[in-house]
Amino acid sequence: MKASKPAKSAGRPDTPVPAESAPQDKPRKVKLVRDSFTMPEQEYAVLAQVKKACLKAGIEVKKSELLRIGVALISQIDMATLQSVLESLPQLKTGRPRSE
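Going from the sequence shown to the working numbering is simple: count from 1 and add 257.
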């Protein structure tokens, strides 16, 4: 006669499981801000041109990512250059354009 094997309880592993696993440090989610703004049609068209050039080069990019690139580049220039570029931009009326 063969010796009978001890019965295993269903669903329990053979190795002991720690009572409480230590919480892992998960990276915090970056809070996203949703905004809208007005810009001249010609400047908006530049976003489409750059996006098209990126796609041609095999780089998929979204308009929001292009704007984020612009923000990253702005943070790297000196104040004199920033002021010069700002002065070259046409002044826009603030607020939403009127509905026609």
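Glycine is no exception: its CB is placed at the ideal position from the N, C-alpha and C atoms.
From residue i to residue j, what distance separates their C-alpha atoms?
i              : j             : result
isoleucine 334 : threonine 295 : 24 Å
serine 332     : valine 303    : 21 Å
arginine 355   : valine 342    : 28 Å
isoleucine 316 : arginine 353  : 33 Å
serine 345     : leucine 339   : 10 Å
aspartate 292  : leucine 324   : 12 Å
Using CA atoms only, rank isn't needed, just tell me which of the options is closest to residue i.
i             : options                   : result
lysine 308    : Leu343, Arg355 and Val318 : Val318
threonine 351 : Pro297, Arg325 and Arg285 : Pro297
leucine 399   : Ala310, Lys286 and Glu300 : Past the boundaries of the shown model lies residue 399; the chain is included only from 258 to 357, so the question cannot be answered.
What residue does the alpha helix (DSSP H) around residue i start on, and which one ends it?
i             : result
leucine 312   : 298-313
threonine 338 : 336-345
glutamate 322 : 320-331
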